[in-house]
Every structure is written in structure tokens, then in C-alpha cells.
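Undergrad: Be aware that the sequence shown starts at 55, since it is given in this note's numbering, and climbs by one per residue. Built from N, CA and C at the ideal position, the CB exists for glycine as well. Got a structure here, written out as C-alpha cells. Questions coming.
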Amino acid sequence: FQVDSLLPFPFKGLPRSEKALENKFGEEAAKIGRLPWLIHDCYDRLLEAYKAQDKNQILLISDEMAGYMVDLNSPSNLTKNRDGQETGQHGLWLRLTERLPQAMGKKLKLSSDAANFLDKPDEYVFYVMLESYVWNDNILYLDALAKRGKQGYGEYYFDDFARRAGPILAERLSHAAEDTSSYWYTAWTAAGRPEMK
Numbered sequence: 055f056q057v058d059s060l061l062p063f064p065f066k067g068l069p070r071s072e073k074a075l076e077n078k079f080g081e082e083a084a085k086i087g088r089l090p091w092l093i094h095d096c097y098d099r100l101l102e103a104y105k106a107q108d109k110n111q112i113l114l115i116s117d118e119m120a121g122y123m124v125d126l127n128s129p130s131n132l133t134k135n136r137d138g139q140e141t142g143q144h145g146l147w148l149r150l151t152e153r154l155p156q157a158m159g160k161k162l163k164l165s166s167d168a169a170n171f172l173d174k175p176d177e178y179v180f181y182v183m184l185e186s187y188v189w190n191d192n193i194l195y196l197d198a199l200a201k202r203g204k205q206g207y208g209e210y211y212f213d214d215f216a217r218r219a220g221p222i223l224a225e226r227l228s229h230a231a232e233d234t235s236s237y238w239y240t241a242w243t244a245a246g247r248p249e250m251k
């Protein structure tokens, strides 16, 4: 959801529905992605699955929600400079989202809080978006520092990048876990807390 293609941070006046976004920005709205609306739809389907006590659908949709929340908590998924192409840092998305976690291995420690009931699950998406987006400049800077004086993106780069950006990665993934469980808990609660057999 490359939101900075439409508005500068902190995205004041960003419409809260897909239709309103299309009405305000026309064709440009279709080019930035649909992540908030996919999460809204996923939550609604999860709520219905809980009401129906459809265990298979609950598991499938819960898994889908987890993927969306990881995407929303990844700062590079929220910017037009997603792959570092505008700052000469090509390949940043792959380095940050796949190669860095692999390089960190067991050193990547997550620490998420318990699930929270979300009073406004549709609005919460935009809160998470803001919380994630603010890390973009830091990640670009830390990537540039880790690359300084090194040939390519090998072991020495990733050792340095892990030391610098690893805490941000762990923090964002921990939030993704907490946000995911909060959506699960909210849907289950809103469905009347059905007993699952």
C-alpha cells in the first residue's frame, strides 16, 4: 500500500474506505495497492466464520490475516520507494524482508504483548500503517551504513545490517504478531465468544 504516492506523511485526509479513496484520487488510487481493504475484508470474513463456527474457514482466514499484518508492519510495503529504487538502494525489500531474517536466524527474537480487543478494527489498520511507516527513513539510512565500505551484499554486510536494523525488524514482527492476535481475539469476541470444539 504505497500510500506516500498519494499524500505526504502523516497522510492527513486519507479516506477510510476504498470507494472514497477512488473518488478522491481517481486512477492513482488503483496503483498503490489494497492492503487496508484486504484486512477489512479478511476481518469481516473471520467474524462470519466464528459466528458459523466453521473451524476450517477460521484457520484459513486467520492465516491470511497473519500474512496481511506482517505486510502492514513492514515499512517498505508502505512506500513508493519500496525496493530502494529511488535512493539507489536497489534490492532493499528482499534484503530486509527475506535475507535479513535468514541471516539473523536464531538471533531474531520476537517479544509480542498479549492480544487486545480492538474497539474500531477498521480504523486500527491506519494506526498500524502510521506506526510502521515512520521506520522507512531509518531503514534506508541503516542499509546505507551497513553497505559503506563493502563490496556487494555478502556476509559482512548482513552482519552489519543485522546489528543495525535487526532490532527494528524484531520490533515490527513482534507488533505483527500482536496485531494479528488482536484481530483474531476481536473477531472471536464480536462473534459472541463461541466455544470451538
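1. Out of curiosity, what's the CA-to-CA distance linking Met119 and Leu68?
2. Helix, strand or coil for Leu148 per DSSP?
3. I need the boundaries of the alpha helix (DSSP H) containing Leu196, first residue and last residue.
4. If you run the structure through DSSP and keep just helix, strand and coil, what is Ser186?
5. To the nearest angstrom, how far is the alpha carbon of Ala23 from that of Leu61?
6. How many angstroms separate the CA atom of Ala219 from the CA atom of Leu75?
7. Measure the alpha-carbon distance for Pro248 versus Phe171 and round it to whole angstroms.
8. Quick one: give me the first and last residue of the alpha helix (DSSP H) that Ser253 is part of.
9. With DSSP collapsed to three states, give me the class of Ile8.
TA: Taking the geometry as given:
1. 23 Å
2. helix
3. 190-201
4. Ser186 falls in the helix class under three-state DSSP.
5. Because residue 23 is not part of the residues shown, which for the chain are 55 to 251, the question remains open.
6. 33 Å
7. 16 Å
8. What the structure shows of the chain is the stretch from 55 to 251, and residue 253 is not part of that stretch, so it cannot be assessed.
9. Here the chain has residues from 55 to 251 only, and residue 8 is not among them.
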